[in-house]
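First up is the structure itself, then whatever we jot down about it.
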Amino acid sequence: MDHERALMKLLLMISLVVAGFLIFATLSMMVTEKTRDIGILTALGATRTGILYIFLFCGFVISFLGSLLGSLAGWISCLYLNDFNEFLGRTFHVQLFPPQIYNLSRIPTELDLGWILQVVAGAILLSLLFSLIPAFRASRFEPVKALRYE
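Under my numbering, the residues of the sequence shown are numbered 14 to 163, in order.
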């Protein structure tokens, strides 16, 4: 059981790193598209720290909503996994874990709220780390160069 849990954690970490790279790519594209707007904000008196916080906040919102929706979808999937398996069996004559092979009448599921919260917190922190590079890049634009950007 410990090996299965370790493997699940490894797969989860790989998924989180991939999600972090997607957030990095999204924010990098946003910084590129908003270069002129960043120049206007800077020319109007926005500080580098303020620009940095804008893009960090964008990364936080993306990661928070993704973690919230993903956790909710996972929670619901675990709650209704056996019902879904029964539906597949009745409708398509397919079962995820055939009882004659696995000797299980129901698919065992366990929801650990503490572990889920740790994963959500880790996902948000990792996403904020991946958001730092585009946010720093956005905060370093010079107003004149950013305003000339097209």
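Where a beta carbon is used, it is the ideal one built from N, C-alpha and C, also for glycine. On a predicted model such as this, the values are computed, not experimentally measured, just so you know.
State yes or no: is the C-beta of Gly63 within less than 8 Å of the C-beta of Phe143?
no
Could you please give the first and the last residue of the uninterrupted alpha helix (DSSP H) stretch that includes Pro112?
First-last of the alpha helix (DSSP H) with Pro112: 112-115.
Closest to Ile27 by C-alpha separation, out of Val132, Arg161, Phe149, would be which residue?
Val132
Tell me which residues share the same chain as Leu160 and place their Cβ nearer than 8 Å to its Cβ, disregarding the 5 neighbours each side in the sequence.
Arg49, Gly52, Ile53, Ala56
Under a three-way DSSP split, which group does His16 fall into?
helix
Taking buried to mean at least 16 other C-beta atoms within 10 Å of its own C-beta, is Val74 buried or exposed?
exposed
Segments of 4+ residues assigned as alpha helix (DSSP H) that fall wholly inside the segment 33-88:
48-56
Would you kindly work out how many angstroms separate the C-alpha atoms of Met21 and Leu29, rounded to a whole number?
12 Å
Quick check: the segment 140-154 against the segment 71-90, are at least 3 beta-carbon pairs closer than 8 Å?
As far as the Cβ criterion goes, the segment 71-90 touches the segment 140-154, which means the pair count is three or higher.
Is it right to say Ile114 is buried, meaning 16 or more other beta carbons lie within 10 angstroms of its own, or is it exposed?
exposed
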